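In the numbering used here, the protein residues as written are 38 to 295.
The beta-carbon is built from N, C-alpha and C at its ideal position, and this holds for glycine as well.
Predicted model only: the values in this text are computed from it and were never measured.
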C-alpha cells in the first residue's frame, strides 16, 4: 500500500470523528449497497466512531440482485454494525401515480437514487445522525451520480480517492472478497454495470483523470478527450446552484459588516 494512502486512511477517520463531534450527532447512517465504495466508507465510519454508532441501510427495489443485500449483511456483520433492509418498491409504486408518469431507465434510475437518499435521511433525522456519502473521486469528476440522490451526504470520506485507491483501501480494510470481486454497479436496472454505462473501464478513467490533472486539463488521447467531455458536461453537479446571493455579498454595504 502506498505510504501517502496509508496516511490518508488515518486522516479520513479523523475527519469523520470531527464531523460527528462538531455536529453533536449520535452516530452515522450509510446506505450499504453491497458494493466496494459503500463498504469502504462504512468501514471508515466504524473505525472512526465505533460500529455501535453506525447504521447500514440496504434499500433494494424489485430489480435489485438479492446477492447485493447478502453481501451488505456480510459486511455489516464483519464490521459489527447494525444492518437493516428496507424495500423502496412501495415508494416507487407511489410515484407511478404521478400524472403523465413516463417510465424510462434514466428517469426511474434517478428516482431510485433519490428515494433511497430520502429514506437514509429519514433515519438520520429521526435518530439525530449524520449521513455518510459513498462517492469516489473518479465518479465525482465524471458526474456519475444523481443530484440530491447518491451524491447527497453530510460527510464524504472517499470523495478524494480514485476508484483504484478505493480498492487499495478496501484490501487494507479487509473488505470481504465477494464485494471486492463483483463488477461495480449502481443497481439502477437489471444487469447494469458502471463501466458498460460509462463506456470506459475504471482503469482507463483513473489514468485519464490523472493525466488531465497533470497537464492542465489538456487531452492528449482519445480516451482523455472522452473523459474531459464528461468532466465538463457534469460541472453543474460539482458547483452550488447559480444564485445572486454570492455576488450581492461581495458588494460593499449590502450586508452588515461588509
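Close CB contacts of residue 174 within its chain, under the 7 Å cut and outside five residues either way in sequence, are with 196, 197, 198, 199 (chain order).
Residue pairing by DSSP leaves residue 273 without any beta bridge partner. Annotated as distal: residue 119 and residue 85, with beta-carbon spacing of 7 Å or more. Pairing residue 248 with residue 261 gives a Cβ-Cβ distance under 7 Å.
Contact annotation: residue 169 and residue 65 have beta-carbon atoms nearer than 7 Å.
Residue 103 counts as exposed, since fewer than 16 other beta carbons sit within 10 angstroms of its beta carbon.
A direct Cα-to-Cα measurement between residue 152 and residue 171 gives close to 16 Å. Residue pairing from DSSP places residue 92 in a beta bridge opposite 66, 119.
In its chain, beyond the 5 residues on either side, 68, 123, 125, 153, 156 have a beta carbon closer than 7 Å to the beta carbon of residue 96. Each of 127, 77, 137, 133 was checked against the Cα of residue 113, and the nearest Cα belongs to 77. Rounded to the nearest angstrom, the gap between the Cα atoms of residue 179 and residue 139 is 27 Å.
Counting along the chain, no alpha helix (DSSP H) covers residue 196, and no H or E run does either. Spanning the alpha carbons of residue 206 and residue 231 requires a straight line of approximately 20 Å.
Counting only unbroken stretches of 4 or more residues, the alpha helix (DSSP H) elements lying wholly within the stretch 124–192 are 126–132, 142–164, 174–179, in sequence order.
Residues 73, 74, 77, 173, 195 of the same chain have their beta carbon placed closer than 7 Å to that of residue 203, with the five preceding and five following residues left out of the count.
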